Amino acid sequence: MTDWRPGANNAIQRQRAALLADLRNYFAQRRVMEVETPLLCRAGVSDPALENFEVPSGQEMRFLQTSPEYAMKRLLAAGSGDIFQICKAFRREEQGVRHNPEYTLLEWYRLGFDHYQLAREVGELVAAVLERPGWQVWSWQGIFQEVLGAGAHCASREDLEELALGNVGDIPLDLDRDGLLDLLMSHCVEPAISGWGIVFIVDYPPSQAALARQILDASGELHGARFECYVDGIELANGYWECGDAAELRARFTSDNLLRRTRGQPERIADEYLLEALTAGLPACAGVALGVDRLLALKSGAKNLDAVLSFGWSRS
Amino acid sequence: MANFSTNEFKSGLKVMLDGEPCSILENEFVKPGKGQAFNRVKLRNLRSGRVWDRTFKSGDSLEGADVLDVELEYSYTDGEFFYFMDPVSYDQHAAGADAVGDTQKWLREQEKYEVTLYNGAPITVSPPNFIELEITETDPGLKGDTAQGGSKPATLTTGAVVRVPLFISQGESIRIDTRTGEYVSRASKN
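Right, here's the structure in full:
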């Protein structure tokens, strides 16, 4: 059981090195500056769907970052301009064919971009790396309608549960509305678009905005200004037209913690550095995080993440 | 029994689901980017043999099932129960017809069977892949007919009927593949 050898063969290791060089070159050409931020910070993440690894340090607890987002926004508020980072990110309990609790993330921010413009840049990058002809853009509402034949944006929890029971079968019966939307996304939409190449899903329900700003469409409906990029049904990148409103984010952190409390999860203090930085002023920008290991898996045709990692979770 | 969380689900883990002992076959972690993570799990109901597909929220847990696979020797039947013996401790286990199921066709005294015990009682009995049994009834053998082609039904000591080549005679022992129920060869001479 102690296989010391790497999961990724030498050819894939070389592909990884070349990919990292290509990514750095791509951003250098566009004058986006590479930065480094700490991985072990004082604040964790409040999103109930994410759990930090906790690391004791003296009397305090530190948190391995689930993404470098908060620290990068502090750099943006301090006037960094366009920035990118390639770093490790850590998510407890996330392990599977497409998940490793420690993984490589490419995160970048573009000043003055909205999420549609940034999605286009992600499309150009991903199409170039994977040598694909182009990409499709779907609204969240449109893709649910296309795949499930039913509108989900305004559907009640009960209607969504019925839709999930009909399409998935045995499901947990204690899911809230967003849990049901997530179930329909992962069990129905993702498999359905697995043959569609590069697909962007834009404009999420407001309850799934995460750290994106909320926008009104022409018909007066509210959306989260967020996008996801899928390739062959595999989720590759998640982007926001960033919400820079400190009060708004503090309110979201508080409601995250309420949900954490009811679910018996540990509460997470708000990152006051981030909130102070937003109060000082985050320039209007859009940001995206892209899974580099998954990108490499797609490029090399590897069927699971272990085959593109030197030492995946079971070997590390 | 201990509880097992979805991240401990592994192929072969025995858990209770809807009051039934089950064995986990596959466990797939899925997460739609942001949001709720799920585990899509395939389980075999150990009593019925049926395979269930279930989705759990990641972090949900199931109670472990007190299930043990042991190798036991078949002793005899009293018409209602089938008795199996632990060759080391000489403990006897009585298995009902439900638990023995189709394996009843392949029961031979002193032969070893894999028996799954749930709360100490047999719930399934699996035969070895190959078993040798005697023919109690078949049409007379055709002398010298060892060519391929023809076959005929033969009834075994257990009551099972298998197709055998024409040259096989009543009273002979034959080797059978229990997975397919097919004749393999004449029994090895012991």
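As given, the protein sequences belong to chains A and B, one line each in that order. Numbered according to the working numbering, the first sequence spans residues 73 to 388. Numbered according to the working numbering, the second sequence spans residues 694 to 883. Even for Gly, the Cβ is constructed at its ideal location relative to N, Cα and C. On a predicted model such as this, the values are computed, not experimentally measured, just so you know.
DSSP three-state label for residue i, please.
i: R333 (chain A); result: helix
i: V198 (chain A); result: helix
i: F860 (chain B); result: coil
i: Y876 (chain B); result: strand
i: W268 (chain A); result: coil
i: N97 (chain A); result: helix
i: F216 (chain A); result: helix
i: L245 (chain A); result: coil
i: M694 (chain B); result: coil
i: E764 (chain B); result: strand
i: Y783 (chain B); result: coil
i: I84 (chain A); result: helix
i: C260 (chain A); result: helix
i: R146 (chain A); result: helix
i: F325 (chain A); result: helix
Using 8 Å as the limit for Cβ to Cβ distance, is residue i near chain B?
i: S327 (chain A); result: no
i: Q280 (chain A); result: yes
i: G168 (chain A); result: yes
i: S266 (chain A); result: no
i: G251 (chain A); result: yes
i: A121 (chain A); result: yes
i: M133 (chain A); result: no
i: D231 (chain A); result: no
i: N310 (chain A); result: yes
i: L255 (chain A); result: yes
i: H171 (chain A); result: yes
i: S129 (chain A); result: no
i: E165 (chain A); result: yes
i: S386 (chain A); result: no
i: S291 (chain A); result: no
i: E307 (chain A); result: yes
i: H187 (chain A); result: no
i: H259 (chain A); result: yes
i: E174 (chain A); result: no
i: E234 (chain A); result: no
Under 8 Å between C-beta atoms, does residue i make it to chain A?
i: K724 (chain B); result: yes
i: S751 (chain B); result: yes
i: F702 (chain B); result: no
i: K735 (chain B); result: no
i: F697 (chain B); result: no
i: G728 (chain B); result: yes
i: E721 (chain B); result: yes
i: D795 (chain B); result: no
i: F777 (chain B); result: no
i: F731 (chain B); result: yes
Please work out which residues of its chain come closer than 7 Å, Cβ to Cβ, to residue i, disregarding the five sequence neighbours upstream and downstream, and give them in chain order.
i: T850 (chain B); result: L826, E827 and T829
i: L197 (chain A); result: Y98
i: N738 (chain B); result: E713, C715 and W745
i: I341 (chain A); result: A115
i: A349 (chain A); result: K145, R146 and A149
Exposed or buried, which one is residue i when buried takes at least 16 other CB atoms within 10 Å?
i: T74 (chain A); result: exposed
i: K703 (chain B); result: exposed
i: I816 (chain B); result: buried
i: W76 (chain A); result: exposed
i: C226 (chain A); result: exposed
i: T176 (chain A); result: buried
i: Q137 (chain A); result: buried
i: M694 (chain B); result: exposed
i: T748 (chain B); result: buried
i: E875 (chain B); result: exposed
i: N700 (chain B); result: buried
i: E203 (chain A); result: exposed
i: Y783 (chain B); result: exposed
i: S118 (chain A); result: buried
i: Q280 (chain A); result: buried
i: L112 (chain A); result: exposed
i: D795 (chain B); result: exposed
i: T831 (chain B); result: buried
Tell me which same chain residues have a C-beta within less than 8 Å of the C-beta of residue i, skipping the five on either side of it?
i: M133 (chain A); result: E126 and V127
i: G772 (chain B); result: none
What does residue i reach in chain C if we use C-beta pairs closer than 7 Å?
i: R747 (chain B); result: In the structure shown, chain C does not exist; the protein chains are A and B.
Within the same chain, show all residues whose beta-carbon is closer than 6 Å to that of residue i, passing over the 5 residues directly before and after it, in chain order.
i: V240 (chain A); result: H259
Check whether the stretch 216–225 of chain A touches the stretch 316–333 of chain A, taking contact to mean three or more Cβ pairs, one atom from each stretch, closer than 8 Å. no
Are the stretch 167–182 of chain A and the stretch 257–275 of chain A touching, with three or more C-beta to C-beta distances below 8 Å? no
Could you say if the stretch 148–164 of chain A and the stretch 98–112 of chain A meet the contact criterion of at least three C-beta pairs nearer than 8 Å? The answer is yes - the stretch 98–112 of chain A touches the stretch 148–164 of chain A, with three or more Cβ pairs under 8 Å.
Does the stretch 302–316 of chain A come close enough to the stretch 83–100 of chain A that 3 or more CB-CB pairs lie under 8 Å? no
Is it true that the stretch 89–98 of chain A meets the stretch 114–125 of chain A, where meeting means three or more beta-carbon pairs spaced less than 8 Å apart? no
I'd like to know if the stretch 190–200 of chain A and the stretch 371–384 of chain A are in contact, where contact means that at least 3 CB-CB pairs between them fall below 8 Å. As far as the Cβ criterion goes, the stretch 190–200 of chain A does not touch the stretch 371–384 of chain A, which means the pair count is below three.
Stretch pair the stretch 805–820 of chain B + the stretch 747–764 of chain B: three plus CB contacts closer than 8 Å: yes
Touching by the beta-carbon criterion (3+ pairs, under 8 Å), the stretch 208–216 of chain A and the stretch 714–728 of chain B: No, because fewer than three Cβ pairs between the stretch 208–216 of chain A and the stretch 714–728 of chain B fall closer than 8 Å, the two stretches do not touch.
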